[in-house]
């Protein structure tokens, strides 16, 4: 089915169908026209001959009188006194021409029977057209062979024509694929004549130029913002650390400064991840940094715990293994913060269990759960689940998906099978 949808195959099949259909219709028209004309000619001739023969016999009753017929015609005239001797199958035949067939010693014989009825005489003329029947069969076979030959010629013509027609399109596809492999765009229009394909190449050039401009502007913006935010975040972090060294801080003030410090660390990790994403889209990830997943998970839990407030939620961290990943801790923290943070945000009561396995982190909560049909759509930028009343922009999971694509990880969301809630999984 894939092959039939290709443009070249459509052209070939169109030529084949057109040639076969036209040749078949021509062959059918030839057979029908020949049969009709031959039938009319023979029938009219036989009716005229049998009438002339009867008139001749009426005028020349002597049996020695001969009427000139061709060798394929057998004629007979029966007088009124001998009507009873006429074969039973011919007695009730009216004036006209009839197609008859009978089996003989040399095979089946086909003939036409012309009948002329008058009160005193009845004439019968037989015209043997067995040879014509055989000739018709040979003609049908010859026309069938002609249809087959023309179908083959149409197929060859379609293959040749499709190759000529598709050649510039194939060249255009090859050049576009070459750009995808090299990552560099070169103008396409100069390589093609100004026909439909040339116009398509020019349109692709225009679209590629505009798209490249948008992508580069977006990359530069992300890189600039990520870079410029580091300075004020560093100032805030330094000021928070300096204030924490003072000994006269009240417990409430110290807690607020710790929250500021955690927020600064989270913002720094996010800007680092965005900067890596921007660079990764250009050159791909190549940091080679190894991070302790357990340490990052504990840090993320500490940052997100404030979201619970006074809700009766039990948080459990299960160490089944001690995984490590070849990625910056900031990238890992951003991905885990979105997955673990959603569990903390939407769980009103019950438990949140975070399990560390050899090759993945699994987060299971007892929150409201998600719809299985829209689980994959939650990773689309700006999409939010239905029946969700918590604030959000629908961007966090989209960033997680981009990070996973960049580092070759896999992320998934699904409703729990055993109870109400959601199961999130980040596989390395």
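Residue numbers (this note's numbering): 510 to 937. No residue lacks a Cβ here, since even glycine has one placed at the ideal position from N, Cα and C.
CB of residue i within 8 Å of CB of residue j, strictly
| i | j | result |
| --- | --- | --- |
| residue 630 | residue 658 | no |
| residue 904 | residue 891 | yes |
| residue 694 | residue 717 | yes |
| residue 865 | residue 837 | no |
| residue 826 | residue 935 | no |
| residue 849 | residue 810 | yes |
| residue 554 | residue 655 | no |
| residue 782 | residue 912 | yes |
| residue 916 | residue 840 | yes |
| residue 524 | residue 670 | yes |
| residue 726 | residue 700 | no |
| residue 834 | residue 871 | no |
| residue 620 | residue 641 | no |
| residue 714 | residue 698 | yes |
| residue 815 | residue 906 | no |
| residue 842 | residue 805 | yes |
| residue 622 | residue 638 | no |
| residue 857 | residue 820 | yes |
| residue 610 | residue 618 | yes |
| residue 652 | residue 542 | no |
Where the alpha helix (DSSP H) through residue i begins and ends
| i | result |
| --- | --- |
| residue 858 | Counting along the chain, residue 858 falls outside any alpha helix (DSSP H), and DSSP gives it neither H nor E. |
| residue 886 | It is not in any alpha helix (DSSP H) - residue 886 carries neither H nor E in the DSSP assignment. |
| residue 597 | 597-600 |
| residue 807 | 802-813 |
Reduced DSSP secondary structure (H/G/I, E/B, other) of residue i
| i | result |
| --- | --- |
| residue 591 | helix |
| residue 568 | helix |
| residue 793 | With a pLDDT of 41 at residue 793, under the threshold of 50, the modelled position of this residue cannot be trusted, and the question is left open. |
| residue 904 | coil |
| residue 525 | helix |
| residue 697 | coil |
| residue 515 | coil |
| residue 874 | strand |
| residue 714 | helix |
| residue 892 | coil |
| residue 939 | Examination of residue 939 is not possible in this model, given that the chain is present from 510 through 937 alone. |
| residue 757 | coil |
| residue 799 | strand |
| residue 865 | strand |
| residue 927 | coil |
| residue 704 | coil |
| residue 603 | coil |
Contact set for residue i: own chain, Cβ-Cβ below 8 Å, skip 5 residues either direction
| i | result |
| --- | --- |
| residue 738 | 776, 780 |
| residue 561 | 576 |
Best match in the options for proximity to residue i [C-alpha to C-alpha]
| i | options | result |
| --- | --- | --- |
| residue 518 | 673, 924, 560 | 673 |
| residue 712 | 851, 696, 725 | 696 |
| residue 859 | 641, 929, 608, 627 | 929 |
| residue 873 | 643, 819, 932 | 932 |
| residue 499 | 603, 910, 723, 515 | For residue 499 there is no data in the structure shown, the boundaries of the chain being 510 and 937. |
| residue 774 | 760, 647, 745 | 745 |
| residue 529 | 889, 875, 608, 667 | 667 |
| residue 706 | 828, 747, 676 | 676 |
| residue 596 | 624, 653, 570, 754 | 624 |
| residue 645 | 733, 545, 609 | 545 |
| residue 882 | 855, 924, 914, 851 | 924 |
| residue 662 | 547, 557, 682, 522 | 522 |
| residue 778 | 743, 543, 568, 548 | 743 |
| residue 769 | 568, 751, 926 | 751 |
| residue 591 | 557, 632, 761 | 632 |
| residue 526 | 602, 686, 538, 664 | 664 |
Endpoints, beta strand (DSSP E) assigned at residue i
| i | result |
| --- | --- |
| residue 636 | 630-637 |
| residue 949 | Residue 949 lies beyond the range of the chain shown here (510 to 937); nothing can be said about it. |
| residue 825 | 822-828 |
| residue 623 | 616-626 |
| residue 923 | 919-924 |
| residue 835 | 833-835 |
Close-in-space but distant-in-sequence residues of the same chain around residue i (CB under 6 Å, 5 per side omitted)
| i | result |
| --- | --- |
| residue 791 | Because the pLDDT at residue 791 is just 36, under 50, the model does not fix this residue reliably, and the point stays unresolved. |
| residue 771 | 812 |
| residue 627 | none |
| residue 937 | 834, 868, 918 |
| residue 824 | 861 |
| residue 552 | 606 |
Sequence-distant residues of the same chain with beta carbon closer than 7 Å to residue i, five excluded per side
| i | result |
| --- | --- |
| residue 817 | 853 |
| residue 922 | 879, 884, 887, 931, 933 |
| residue 510 | Confidence at residue 510 is low in this model, with a pLDDT of 45, below 50, so the placement of that residue should be treated as unreliable; the coordinate-derived value is given next. Contacts found: none. |
| residue 793 | Only weak support exists for where residue 793 lies, its pLDDT of 41 falling under 50; the value from the coordinates is given anyway. Here the set comprises nothing. |
| residue 567 | 630 |
| residue 563 | 586, 625, 627, 630, 632 |
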